[in-house]
Amino acid sequence: MRIAIIGAGAAGCFAAANIKARQGVEVAVFEKTGKALQKVKASGGGRCNTTHACFDIPELVTRYPRGKQLLRKSLYQFGPEDTIEWFRQRGVQLKTEADGRMFPVTDSSQTIIDCIWQEMMRQKVQVYYHKAVEKIEKRDSGFMLHFADGSNYEADKVLIACGAFPKPEQYRWLLELGHTIQSPVPSLFTFNMPKHPITELMGVAVPQVTLKIAGTKMVEQGPLLITHWGMSGPVVLRTSAWAARELNERNYGFKIQINWLNDVSEADLRDHIAQLRREQGKQLVQNKNPFDLPKRLWEYQLIQCGIKEDTRWGDLPAAAQNKLIERLIRDSYEVKGKTTFKEEFVTCGGITLSEIDPQTMESRIVPGVYFAGELMDVDGITGGFNFQHAWASSYIVAQQFNKM
Ligand SMILES: Cc1cc2nc3c(=O)[nH]c(=O)nc-3n(C[C@H](O)[C@H](O)[C@H](O)COP(=O)(O)OP(=O)(O)OC[C@H]3O[C@@H](n4cnc5c(N)ncnc54)[C@H](O)[C@@H]3O)c2cc1C
Numbered sequence: 001m002r003i004a005i006i007g008a009g010a011a012g013c014f015a016a017a018n019i020k021a022r023q024g025v026e027v028a029v030f031e032k033t034g035k036a037l038q039k040v041k042a043s044g045g046g047r048c049n050t051t052h053a054c055f056d057i058p059e060l061v062t063r064y065p066r067g068k069q070l071l072r073k074s075l076y077q078f079g080p081e082d083t084i085e086w087f088r089q090r091g092v093q094l095k096t097e098a099d100g101r102m103f104p105v106t107d108s109s110q111t112i113i114d115c116i117w118q119e120m121m122r123q124k125v126q127v128y129y130h131k132a133v134e135k136i137e138k139r140d141s142g143f144m145l146h147f148a149d150g151s152n153y154e155a156d157k158v159l160i161a162c163g164a165f166p167k168p169e170q171y172r173w174l175l176e177l178g179h180t181i182q183s184p185v186p187s188l189f190t191f192n193m194p195k196h197p198i199t200e201l202m203g204v205a206v207p208q209v210t211l212k213i214a215g216t217k218m219v220e221q222g223p224l225l226i227t228h229w230g231m232s233g234p235v236v237l238r239t240s241a242w243a244a245r246e247l248n249e250r251n252y253g254f255k256i257q258i259n260w261l262n263d264v265s266e267a268d269l270r271d272h273i274a275q276l277r278r279e280q281g282k283q284l285v286q287n288k289n290p291f292d293l294p295k296r297l298w299e300y301q302l303i304q305c306g307i308k309e310d311t312r313w314g315d316l317p318a319a320a321q322n323k324l325i326e327r328l329i330r331d332s333y334e335v336k337g338k339t340t341f342k343e344e345f346v347t348c349g350g351i352t353l354s355e356i357d358p359q360t361m362e363s364r365i366v367p368g369v370y371f372a373g374e375l376m377d378v379d380g381i382t383g384g385f386n387f388q389h390a391w392a393s394s395y396i397v398a399q400q401f402n403k404m
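First residue of the sequence shown? That's 1 in our numbering, and the numbers climb one at a time after it.
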């Protein structure tokens, strides 16, 4: 049996590493570039956020804006605990950070690369570089792979693990095979607010805000970071993932509303301010930041509301108070464009999931063809979820091949 794996990325290599070397089985990985596991190398800022310490599968699937139904099946077969165990058995310990992200204890993505690579070599996998598949031809028995350099390879089974492509035309050879794709759009990006005065507060981080996209039901909570180009941080990245399609349709021009006090309501805020005016009326508004906002953000908001440095809580005019309330809980910003988040970015879209059997990852359109990784219409928020999907889907395919 000849097994062809297209793509030497996380999914292709992990599948290859899990196909047991056997007499009569040949496993060949075809990679279009001159290197394997390149994204793993760059991942997580060079540390590789390998998985996430979330061991409850129903909870885990909520971290994926697309692909829940398939993941409900695949992550039960190979979840974060299996990832940890797989690497542990091969001498790689993972550690958990406060937010649940898991990294190798070495803090180096090379550790993950070396581990997968050694396992592939142990299983006698052949890797061929500069082999870009351009066409998969279905034959009476098996498949013929056609490469850009004019060469061919005959295979009985094919795993397509070529990752995602940013342009729809790059999926042509997959469409020719009979599959459909959900159009690709970027996910996991930060918001641009060119020349907006808030960007002068770059570096200011607020531990918990509520962020809404105006005109949609999209609401996210979490830490926000002000940058020199706009806004970033977990709440922004999560919003970009959940709203990836809507924001693409708006050409990345949209309005956001921020509650800097997270879930404090207008009524509670008014009560709080009334109490302040009664009990601490002599205090300067500027010095008495009652909401624990970062000092620079508090001062910025006071300036925006026209509240002078010498204003005391007791003397705060009603109009200025109303403005301040508005800016604290319904602060709105115009977003004009996006910036790629360098730590981790993914593509939303890919092979339509109803065309893939979630138990086996085999194509329902072309039996004998399998899928794994980001090529599928599955993507997670930042935190190790995208690799977890790559490991799970490719492990499942390897198990199918091991049974044959
Ligand atoms: C900078 C960055 C950092 C990231 N960090 C993290 C992280 O820390 N944690 C996390 O969970 N996720 C992270 N991600 C996302 C994660 O890297 C991807 O989800 C994951 O790599 C997908 O694996 P894959 O094998 O499906 O695709 P890829 O890793 O993209 O591999 C696909 C391979 O197929 C090859 N290929 C493509 N077309 C062909 C063809 N026609 N013929 C032959 N070969 C082909 C490509 O050259 C590539 O080597 C990050 C992404 C980026 C860009």
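Glycine is no exception: its CB is placed at the ideal position from the N, C-alpha and C atoms.
These numbers come from a predicted model, not from an experiment.
- Do the region 164-171 and the region 10-26 touch if we need at least three Cβ pairs shorter than 8 Å? no
- Query: Hey, would you say residue 164 sits closer than 7 Å to residue 353, going by beta carbons?
  - Reply: no
- residue 29 and residue 127 look like a contact to me (Cβ under 8 Å); what is the Cβ gap, rounded to whole Å? 5 Å
- Query: If residue 230 and residue 192 are in contact, beta carbons under 8 Å, what's the gap, nearest whole angstrom?
  - Reply: 5 Å
- Compute the beta-carbon to beta-carbon distance between residue 34 and residue 130, rounded to the nearest angstrom, for a pair I have assumed lies under 8 Å. 6 Å
- Measuring CB to CB, does residue 206 end up less than 7 Å from residue 188? no
- Query: Quick one: what's residue 312 bridged to in DSSP?
  - Reply: 284
- Task: Confirm the yes/no value for this check: CB of residue 345, any heavy atom of ligand 1, distance under 6 Å.
- Result: yes
- Note down, in chain order, each residue of its chain lying with its Cβ closer than 6 Å to the Cβ of residue 179, except the 5 sequence neighbours on either side. 351, 355 and 365
- Message: If you reduce the DSSP assignment to three classes, tell me which class residue 18 lands in.
- Response: helix
- Message: By alpha-carbon positions, which one of 150, 162 and 49 ends up nearest to residue 111?
- Response: 49
- Between the beta-carbon of residue 64 and the beta-carbon of residue 380, is there less than 7 Å? yes
- Is DSSP giving residue 82 helix, strand or coil here? helix
- N- and C-terminal bounds of the alpha helix (DSSP H) containing residue 397: 385-403
- When we look at the beta-carbon of residue 413 and count the other beta-carbons within 10 Å, is it buried (16 or more) or exposed? As shown, the chain starts at 1 and ends at 404. That puts residue 413 outside it, with no answer to give.
- Task: Identify whether residue 114 lies in helix, strand or coil by the three-state DSSP scheme.
- Result: helix
- Identify which residue in 72, 139, 345 and 213 has its Cα closest to the Cα of residue 158. 139
- residue 267: buried (16+ other C-beta within 10 angstroms of its C-beta) or exposed? exposed
- Message: Taking only three categories from DSSP, how would you classify residue 134?
- Response: strand
- Task: Tell me whether residue 32 counts as near ligand 1, meaning its Cβ is closer than 6 Å to at least one heavy atom of that ligand.
- Result: yes
- Message: For a quick check, are the C-beta atoms of residue 309 and residue 286 less than 7 Å apart?
- Response: yes
- Query: Cα-Cα, which of 210, 300, 384 and 342 is closest to residue 52?
  - Reply: 384
- Task: Using alpha carbons as the reference points, say which of 38, 249 and 218 lies closest to residue 162.
- Result: 38
- Task: Please say whether residue 387 and residue 10 have beta carbons closer to each other than 7 Å?
- Result: yes
- Task: Could you tell me which residues DSSP pairs with residue 4 in its beta bridges?
- Result: 28 and 158
- CB-CB length for residue 253 against residue 282, believed under 8 Å: Not really, about 46 Å apart at Cβ, beyond 8 Å.
- Task: Leaving aside the five residues before and after residue 221 along the sequence, list all residues of the same chain whose C-beta is less than 6 Å from its C-beta, in chain order.
- Result: 210
- With residue 249 as the anchor, note down where its alpha helix (DSSP H) starts and where it stops. 244-249
- Task: Put residue 205 into one of helix, strand or coil per three-state DSSP.
- Result: strand
- For residue 119, the three-state DSSP class (helix, strand or coil): helix
- Item | Proximal residues to residue 238 (C-beta, below 7 Å), its chain only, five neighbours per side dropped | 220, 222 and 381
- Task: Pair every Cβ in the region 142-161 with every Cβ in the region 317-326, then say whether three or more of these pairs are closer than 8 Å.
- Result: no
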